[in-house]
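For the sequence shown, this note's numbering assigns the number 10 to the initial residue and increments by one for each residue that follows.
Structure, as structure tokens:
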Amino acid sequence: MPRVAVIPEPNSAVEVREVAEPQLELNSALLEVELSEVCGTDVYLQQGRLEGVPYPLVPGHVSVGRLKKIRGRLLDIDGRELSEGDRVTFLDVHRTCNACWYCLVAKASTRCPQRKVYGITYGLDDGLCGGWADQIYLKPATRVIRLDCDPETFMAGGCALPTALHAVERGEVAIGDTVLVLGSGPVAINAIILALMRGALRVLCIGAPDHRLETASEVGASGVLNFQSSDEGERLEWILKRTNRRGADVTIEATGAPDAVAQAMRFTRDAGRVVIVGQYTDHGEASFNPHLDLNKKHLDVRGCWGSDFSHFYRGVQIVSDPIRSAPWKKLQTSLSRYRLNEANQALEDVASRQVLKALIAPG
Ligand SMILES: [Zn+2]
Ligand SMILES: [Zn+2]
């Protein structure tokens with residue numbers, strides 16, 4: 010019987026349970042999980058801070074494993090048939106309808122009201138739909154991608170990879186730009202790598218703690234500043250000094266702290282771009298001066314919600330490339346592995362920022 014690690018209800022400890030093996034519908038599959046992950050979102054899921062989440066919940070939204078059983082046919086986006094034994098990953102977003110107003114008119118499929126997310130808005134009652142488990146049930150129409158790299162390289166990016174890819178795309182990072190990344194968690198680290206790939210001249214990073222800032226430098230940040238040992242004025246001065254006193258061309262906020270949003274605006278040059286990607290859960294309000302921080306600065310401030318198949322697909326291609334994957338290979342040394350029955354410890358270590366990336370290895 011498959012084992013799952015379950016959050017029974019908000020603010021209760023994770024429990025390991027045994028559940029029945031699912032009946033496979035036509036054109037669905039069972040995935041044997043090799044690696045799943047514990048990200049900041051999972052910490053908030055355990056604290057019940059995300060709306061629309063059905064408990065009991067098996068978290069783990071980005072995972073990799075081998076196809077154990079297929080019923081019917083499973084095709085990838087290129088029309089190639091997948092076989093039992095293949096190593097794959099899959100887009101955690103399911104059922105984006107391509108029929109609603111958001112999908113078709115706004116062309117903003119990450120705001121589609123029909124979409125469901127494995128490990129977040131699919132609960133245990135929806136089946137084996139989370140990665141903190143021996144097996145995941147890949148429902149019909151799940152977007153599956155064959156993985157041609159080792160699972161650790163892919164999971165070094167994990168869910169942060171498509172999120173950060175979407176963020177640098179929203180920021181329209183251009184060749185020669187100076188990019189400022191606020192935060193030094195997984196999304197921030199991936200944003201540093203991808204901003205450089207898009208042609209940024211340099212990337213500056215403000216975050217904490219120091220071991221995460223060291224990782225930021227290792228993947229290419231040319232300057233780092235610990236926000237805990239500086240106040241807002243000192244941070245601004247640090248940025249201005251490095252940008253001919255103008256501010257960053259593009260700032261990507263990936264912190265989770267509401268205050269950082271106004272700071273992102275202040276640290277950006279006039280007529281620059283700001284992308285807000287670090288407020289995935291509701292941490293409350295922040296205030297800013299609409300005249301000084303926004304209107305007069307002629308700023309372009311953009312929210313960035315979730316990711317779609319294009320971000321996921323392109324992320325997988327990049328980490329599967331022998332040369333382009335180099336930054337994620339470096340990150341493999343900062344991966345920490347936990348078994349299913351160690352999920353509570355993993356959550357604690359992620360919440361306290363002791364580890365950069367926690368992986369669940371059920372096997
Ligand atoms: Zn995540
Ligand atoms: Zn839709």
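Ideal placement from N, C-alpha and C gives every residue a C-beta, glycine not left out.
This one's a predicted model, so the numbers in the text were calculated from it and none came from an experiment.
> Which residues, in chain order, sit with a beta-carbon under 6 Å away from any heavy atom of ligand 1?
Replying inline: Cys48, Thr50, His70, Cys168
>> Judging by CA-CA distance, which residue of Val364, Gln144, Leu340, Arg346 is the nearest neighbour of Gly166?
In response: Within the sequence shown, the letter at position 157 stands for residue 166. The alpha carbon of Gly166 has as its nearest neighbour, out of Val364, Gln144, Leu340, Arg346, the alpha carbon of Leu340.
>> Just list the residues that DSSP pairs Gly1 with in beta bridges.
In response: Outside the displayed range of the chain (10 to 372) lies residue 1, so it cannot be described from this structure.
>> Below 8 Å on the Cβ atoms is my contact criterion, and I expect Leu156 with Arg96 to pass it. Report the Cβ-Cβ distance as a whole number of Å.
In response: Translated into positions along the sequence shown, residue 156 becomes position 147. Translated into positions along the sequence shown, residue 96 becomes position 87. Taking C-beta atoms under 8 Å as the contact rule, Leu156 and Arg96 qualify, at a distance of about 5 Å.
>> Could you tell me the alpha carbon to alpha carbon distance between Val212 and Gly232, rounded to whole angstroms?
In response: In the sequence shown, residue 212 corresponds to position 203, counting from 1. In the sequence shown, residue 232 corresponds to position 223, counting from 1. If you take the alpha carbons of Val212 and Gly232, they lie about 7 Å apart.
>> Less than 8 Å between the beta carbons of Leu234 and Arg221, yes or no?
In response: To locate residue 234, count along the sequence shown from 1; it is residue 225. To locate residue 221, count along the sequence shown from 1; it is residue 212. No; because the gap between Cβ atoms is not below 8 Å, this pair is not in contact.
> Should Asp219 go down as buried or exposed, given a rule of 16 or more other Cβ atoms within 10 Å for buried?
Replying inline: Taking the first residue of the sequence shown as 1, we reach residue 219 at position 210. Asp219 should be labelled exposed.
>> I'd like to know if Ile215 contacts chain D, where contact means its C-beta is closer than 8 Å to some C-beta of that chain.
In response: In the displayed structure, chain D is absent; only one protein chain is listed.
> From this set, Ser319, Thr50, Thr187, which residue's C-alpha is nearest Pro195's C-alpha?
Replying inline: Mapped onto the sequence shown, residue 195 falls at position 186. Among Ser319, Thr50, Thr187, the Cα nearest to that of Pro195 belongs to Thr50.
> Which same chain residues, not among the five before or five after Val13, have their C-beta less than 6 Å away from its C-beta?
Replying inline: Looking up residue 13 in the sequence shown gives position 4. Excluding the 5 residues flanking it on each side, Val13 has same chain C-beta neighbours closer than 6 Å at Arg26, Val28, Val67, Ala142, in chain order.
> Ordered along the chain, which non-local residues of its own chain (more than five positions away) have a Cβ less than 6 Å from that of Ala169?
Replying inline: Position 160 of the sequence shown holds residue 169. The residues are Pro195, Val196, Asn199.
>> Rounded to whole angstroms, what is the Cα-Cα separation between Arg255 and Ile202?
In response: In the sequence shown, the residue the question calls residue 255 occupies position 246. In the sequence shown, the residue the question calls residue 202 occupies position 193. Going from the Cα of Arg255 to the Cα of Ile202 covers about 23 Å.
> His4 by DSSP, collapsed to three states: which one?
Replying inline: Lying outside 10 to 372, the shown extent of the chain, residue 4 is not represented and no answer is given.
> Helix, strand or coil for Tyr146 per DSSP?
Replying inline: Translated into positions along the sequence shown, residue 146 becomes position 137. Strand, per DSSP.
>> Please identify the residue among Asp291, Pro299, Val153, Thr162 whose C-alpha is closest to the C-alpha of Ser92.
In response: Numbered from its first residue, the sequence shown carries residue 92 at position 83. For Ser92, the nearest C-alpha among the options comes from Val153.
> Is Thr119 near ligand 2, judged by its Cβ being under 7 Å from some heavy atom?
Replying inline: In the sequence shown, counting from the first residue as 1, residue 119 sits at position 110. Outside the cutoff, so no.
>> Beta-carbon within less than 6 Å of Gly312's beta-carbon, same chain only, minus the 5 sequence neighbours each way: which residues are those?
In response: Numbered from 1 along the sequence shown, position 303 holds the residue referred to as residue 312. Ile285.
> Near Asp309, what residues of its chain come up, given a Cβ to Cβ distance below 6 Å and the 5 sequence neighbours on each side ignored?
Replying inline: The sequence position of residue 309 within the sequence shown is 300, counting from 1. The residues are Arg282.
>> In the DSSP output, which residue or residues are listed as bridge partners for Ile79?
In response: What you label residue 79 is simply residue 70 of the sequence shown in a count that begins at 1. Per DSSP, Ala38.
> To the nearest angstrom, how far is it from the Cα of Ala115 to the Cα of Asn350?
Replying inline: For the purposes of this step, residue 115 is taken as the residue at position 106 of the sequence shown. For the purposes of this step, residue 350 is taken as the residue at position 341 of the sequence shown. Whole-angstrom Cα-Cα distance: 43 Å.
> Less than 7 Å between the CB of Thr130 and some heavy atom of ligand 2, yes or no?
Replying inline: For the purposes of this step, residue 130 is taken as the residue at position 121 of the sequence shown. Answer for Thr130: no, Cβ out of range of ligand 2.
> Smallest Cα separation from Val325: which of Gly139, Pro63, Ser72?
Replying inline: As a position in the sequence shown, residue 325 is number 316, starting the count at 1. Nearest of Gly139, Pro63, Ser72 to Val325, Cα basis: Ser72.
> Would the C-beta of Ala115 count as close to ligand 2, meaning under 7 Å from any of its heavy atoms?
Replying inline: Within the sequence shown, the letter at position 106 stands for residue 115. The answer is no for Ala115.
> Got a sec? Which residues, its chain only, sit under 7 Å from Ser343 by beta carbon, not counting five neighbours each side?
Replying inline: By 1-based counting over the sequence shown, the position of residue 343 is 334. Counting only Cβ-Cβ distances below 7 Å, and skipping sequence neighbours, we find Thr224, Leu365, Lys366.
>> If you follow the alpha helix (DSSP H) that Tyr111 is in, where does it begin and where does it stop?
In response: Within the sequence shown, numbered from 1, the residue matching residue 111 stands at position 102. 110-113 is the extent of the alpha helix (DSSP H) around Tyr111.
>> Please report the distance separating the alpha-carbon of Phe276 from that of Cys214.
In response: As a position in the sequence shown, residue 276 is number 267, starting the count at 1. As a position in the sequence shown, residue 214 is number 205, starting the count at 1. For Phe276 and Cys214, the distance between alpha carbons rounds to 12 Å.
> Which residue's Cα is closest to the Cα of His103: Cys138, Val42, Arg89?
Replying inline: For the purposes of this step, residue 103 is taken as the residue at position 94 of the sequence shown. Ranking the options by Cα distance to His103, first place goes to Cys138.
>> Check whether the segment 261-271 and the segment 295-302 are in contact - that is, three or more C-beta pairs closer than 8 Å.
In response: yes
>> Please state the DSSP three-state secondary structure of Lys366.
In response: Your numbering for residue 366 matches position 357 in the sequence shown. DSSP places Lys366 in strand when its eight states are reduced to three.
> Around the Cβ of Gln32, are there at least 16 other Cβ atoms within 10 angstroms (buried) or fewer (exposed)?
Replying inline: Taking the first residue of the sequence shown as 1, we reach residue 32 at position 23. Looking at its Cβ environment, which holds fewer than 16 other Cβ atoms inside 10 Å, Gln32 is exposed.
>> I need the straight-line Cα distance from Gly88 to Asp317, nearest angstrom please.
In response: Position 79 of the sequence shown, counting from 1, holds the residue named residue 88. Position 308 of the sequence shown, counting from 1, holds the residue named residue 317. Using only the alpha carbons, I get a separation of about 19 Å.
> Does any heavy atom of ligand 2 sit closer than 7 Å to the C-beta of Ala108?
Replying inline: For the purposes of this step, residue 108 is taken as residue 99 along the sequence shown, with counting starting at 1. In this structure, the C-beta of Ala108 approaches ligand 2 to less than 7 Å from one of its heavy atoms.
> If you draw a straight line from the alpha carbon of Tyr127 to that of Arg120, how long is it in whole angstroms?
Replying inline: Here the question's residue 127 lines up with position 118 in the sequence shown. Here the question's residue 120 lines up with position 111 in the sequence shown. For Tyr127 and Arg120, the distance between alpha carbons rounds to 16 Å.
> Looking only at C-alpha atoms, which of Thr290, Glu227, Gly69 sits nearest to Val15?
Replying inline: Position 6 of the sequence shown, counted from the first residue, corresponds to residue 15. Taking only the C-alpha atoms, the option nearest Val15 is Gly69.
>> If you follow the alpha helix (DSSP H) that Phe163 is in, where does it begin and where does it stop?
In response: Sequence index remark: in the sequence shown, residue 163 carries index 154 (1-based). It spans 160-166 - the alpha helix (DSSP H) in which Phe163 sits, taken as one unbroken run.
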